[in-house]
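Taking it in order: structure first as structure tokens, then the write-up.
Protein chains: 2
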Amino acid sequence: MEVENREGGLKIEVCYSPALFPYYENRNAVVVVTDILRASSAIVTAFMNGVERIIPVGTLEEAKSYKERGFMVAAERDGIVRDFADFGNSPYNFTPERVKGNQIVYSTTNGTNAIQLASSGSQVLIGAYLNITALADHIKKSGKDLLILCAGWKNKFNLEDTLFAGALSKMVLEDQQFFTICDATLGAMDLYEAAESDMLGYIEKVAQRHRLKKNKLDDVIAYCHEFDRTRLIPVLERSHLVPLPDLI
Amino acid sequence: MEVENREGGLKIEVCYSPALFPYYENRNAVVVVTDILRASSAIVTAFMNGVERIIPVGTLEEAKSYKERGFMVAAERDGIVRDFADFGNSPYNFTPERVKGNQIVYSTTNGTNAIQLASSGSQVLIGAYLNITALADHIKKSGKDLLILCAGWKNKFNLEDTLFAGALSKMVLEDQQFFTICDATLGAMDLYEAAESDMLGYIEKVAQRHRLKKNKLDDVIAYCHEFDRTRLIPVLERSHLVPLPDLI
Numbered sequence: 000m001e002v003e004n005r006e007g008g009l010k011i012e013v014c015y016s017p018a019l020f021p022y023y024e025n026r027n028a029v030v031v032v033t034d035i036l037r038a039s040s041a042i043v044t045a046f047m048n049g050v051e052r053i054i055p056v057g058t059l060e061e062a063k064s065y066k067e068r069g070f071m072v073a074a075e076r077d078g079i080v081r082d083f084a085d086f087g088n089s090p091y092n093f094t095p096e097r098v099k100g101n102q103i104v105y106s107t108t109n110g111t112n113a114i115q116l117a118s119s120g121s122q123v124l125i126g127a128y129l130n131i132t133a134l135a136d137h138i139k140k141s142g143k144d145l146l147i148l149c150a151g152w153k154n155k156f157n158l159e160d161t162l163f164a165g166a167l168s169k170m171v172l173e174d175q176q177f178f179t180i181c182d183a184t185l186g187a188m189d190l191y192e193a194a195e196s197d198m199l200g201y202i203e204k205v206a207q208r209h210r211l212k213k214n215k216l217d218d219v220i221a222y223c224h225e226f227d228r229t230r231l232i233p234v235l236e237r238s239h240l241v242p243l244p245d246l247i
Numbered sequence: 000m001e002v003e004n005r006e007g008g009l010k011i012e013v014c015y016s017p018a019l020f021p022y023y024e025n026r027n028a029v030v031v032v033t034d035i036l037r038a039s040s041a042i043v044t045a046f047m048n049g050v051e052r053i054i055p056v057g058t059l060e061e062a063k064s065y066k067e068r069g070f071m072v073a074a075e076r077d078g079i080v081r082d083f084a085d086f087g088n089s090p091y092n093f094t095p096e097r098v099k100g101n102q103i104v105y106s107t108t109n110g111t112n113a114i115q116l117a118s119s120g121s122q123v124l125i126g127a128y129l130n131i132t133a134l135a136d137h138i139k140k141s142g143k144d145l146l147i148l149c150a151g152w153k154n155k156f157n158l159e160d161t162l163f164a165g166a167l168s169k170m171v172l173e174d175q176q177f178f179t180i181c182d183a184t185l186g187a188m189d190l191y192e193a194a195e196s197d198m199l200g201y202i203e204k205v206a207q208r209h210r211l212k213k214n215k216l217d218d219v220i221a222y223c224h225e226f227d228r229t230r231l232i233p234v235l236e237r238s239h240l241v242p243l244p245d246l247i
């Protein structure tokens, strides 16, 4: 992708791994956390289906302790639902019957730690293709830098989060307030351009698809790449995710 | 790039930042350290021009202490030569007149730390376009996994090292002994494919080119992207770089 070479205005950066976050941290940025397969897609789906709030917790011990206190808990590691939990990480688990009007405690391999890490930003939003245009519109109105934090896989780079970061960066960069001189953003946009004409074909090769397929959990891949199923944006308020108020 | 979906054989992985190295570390791997603009290109050039050994040191204090003991020292930070040093980080500094038959102590912003980090691998090699085919040939004969460590920029992802990692991965992957299920490798190869038809045009946008240009140090960019100027491969032996013996 051709980009204008300028500095000045609101900057866009992409961080490919929670382990790199200290080098990108920016208190003036809206931080969008993404974990396309599957945590951020599941969280957006839960709000579409009426969840009241989601309490992200980093460790399984915390999740278990919430369960013992009567909370509904979604918890997985390596894609597999934990036995004490009510359900796991598939967006299809977060049905209206289960989530409407409820609070849910949620712990996943990569996504929930990334959310906690991101809380040093000026605002933390959860991003997925399912809410990408609403997200881009909100960021353009924010007057803040944009930092996209890819949850990755156990601190390694992953392609599916990077492609999403590229898609969102491209949308936001259309607004002349924004610029980027971040190689990770440029790389993400170029990878998205290489993939976008056949996204599901491209996703065939990514490591997480192999992991999900091995566990027969790959039924959600097409759904997790659908654009704009909602205008809802989950936002971190103190330590809970709620729908961004001005969009309710 | 289409890749065969298989596990088994010798694996290729790419690590985009020294800060991510703990998650990729592999004692059975040949680790190729690359810092295309400019440390690894400069090191390969120094061996082309007859340097006897290079002593990579992480800190400027160490470099200064070597200088005080009479060593020839190349040292830079943020592209700028340090005042106590004999010269900086441009490959053009490592002329035969200066380096032939000599030992040189070398400290750079990103490259030398990456070399020290990589030393947990079974062998540490220095990679640049200047020696890429010799490198690929050696790796194919090694019987070891391949891990490419990009020096990056202050632990951030950079494009120029990633493109090189993609180019080298593609060459090695032609050998059926090797496979990859590493998203960072797949991403690097796709970015290389996007860039290769006009590499210098592509490099126009990377952050490091802007940094070098600002300091009038961008005269080396075309040279640092020339393929196969040598068959020499610098290898880490104990804590020194020397030419790989079987290729002398």
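Chains as they are written, first to last, in numbering that gives the first Met the number 0: chain H, 0 to 247; chain D, 0 to 247. Just so you know, even glycine gets a beta-carbon here, dropped at the ideal spot from N, CA and C. Everything numeric in this text was worked out from a predicted model, so none of it was measured.
Is the Cβ-Cβ distance between GLN207 of chain D and TRP152 of chain D less than 8 Å? yes
Leaving out the 5 sequence neighbours to the left and right, which residues in its chain are closer than 7 Å to ASN112 of chain D when beta-carbon positions are compared? PRO17 and GLY57
Where GLY110 of chain H falls: helix, strand or coil (DSSP): helix
Tell me the rounded alpha-carbon separation between THR229 of chain H and THR44 of chain H. 9 Å
What three-state label does DSSP hand ILE138 of chain D in the structure shown? helix
For ASP197 of chain D, which residues in chain H fall below 8 Å Cβ to Cβ? The premise fails here: ASP197 of chain D is roughly 12 Å from chain H at the closest Cβ pair, so nothing lies under 8 Å.
Inter-stretch contact (C-beta, 8 Å, three-pair minimum) for the stretch 126-133 of chain D and the stretch 95-108 of chain D: no
If you measure between the beta carbons of CYS223 of chain H and PRO21 of chain H, is that distance less than 8 Å? no
From the beta carbon of ILE103 of chain H, is the nearest beta carbon of chain C less than 8 Å away? Looking at the structure shown, chain C is missing, and the protein chains on hand are H and D.
First and last residue of the uninterrupted alpha helix (DSSP H) at MET71 of chain H: Run containing MET71 of chain H: none in the alpha helix (DSSP H); it sits in the beta strand (DSSP E), 71-76.
Would you please verify whether the beta carbon of HIS224 of chain H is less than 8 Å from any beta carbon of chain D? no
Quick one: is ILE79 of chain H buried, meaning 16 or more other Cβ sit within 10 Å of its Cβ, or exposed? exposed
Report the three-state DSSP secondary structure of LYS155 of chain H (helix, strand or coil). strand
Sub-8 Å separation of VAL13 of chain H and THR132 of chain H beta-carbons: no
Against ASN157 of chain H, what residues of chain D qualify as contacts under a CB-to-CB distance less than 7 Å, listed in chain order? ASP182
Cutoff 8 Å: LYS213 of chain H Cβ touching any chain D Cβ: no
Quick check on CYS223 of chain D: does DSSP put it in helix, strand or coil? helix
According to DSSP, which residues form a beta bridge with GLU195 of chain H? Paired residues: none, contrary to the question.
Express the C-alpha separation of LEU167 of chain D and LEU59 of chain H in angstroms, rounding to a whole number. 40 Å
Contact set between ASN154 of chain H and chain D, taken where Cβ atoms lie within less than 7 Å: LEU19 and TYR22
Keeping to the same chain, check which residues put their C-beta closer than 6 Å to that of ARG76 of chain D; ignore five residues upstream and five downstream. THR108
What is the DSSP secondary structure of LYS248 of chain H, reduced to helix, strand or coil? Past the edges of chain H, shown from 0 to 247, lies residue 248 of chain H, and the structure says nothing about it.
For VAL241 of chain D, write down the residues that DSSP places opposite it in a beta bridge. D:VAL234
Within the 8 Å Cβ cut-off, does ASP77 of chain H reach chain D? no
Closest Cα partner of GLY49 of chain H within the set H:SER40, H:GLU96, H:ASP82 and H:LEU216: H:GLU96
Kindly indicate which three-state DSSP category THR44 of chain H falls into: helix, strand or coil? helix
Report yes if the CB atom of ASP34 of chain H is closer than 8 Å to the CB atom of ALA150 of chain H, and no otherwise. yes
LEU9 of chain D: which of D:LYS99, D:LEU19 and D:ASN27 sits nearest, CA to CA? D:ASN27
Compute the distance between the beta-carbons of ILE11 of chain D and LEU240 of chain D, then report whether it is under 8 Å. no
Counting only Cβ-Cβ distances shorter than 9 Å, please list the residues of the stretch 117-138 of chain H near chain D, keeping chain order. none
Helix, strand or coil for LYS66 of chain D per DSSP? helix
Within 8 Å of any Cβ in chain H, is that where the Cβ of TYR15 of chain D sits? yes
Of the residues H:ILE53, H:ASN88 and H:GLU195, the one placed nearest LEU216 of chain H, counting alpha carbons only: H:ASN88
In angstroms, rounded to a whole number, what distance separates the CA positions of ASP192 of chain D and MET198 of chain D? Before going on, a small fix: residue 192 of chain D reads as Glu here, not Asp. Spanning the two alpha carbons is a distance of roughly 10 Å.
Extent of the continuous beta strand (DSSP E) to which PRO55 of chain H belongs: 52-55
Considering only DSSP beta bridges, list what GLY126 of chain D is partnered with. D:THR33
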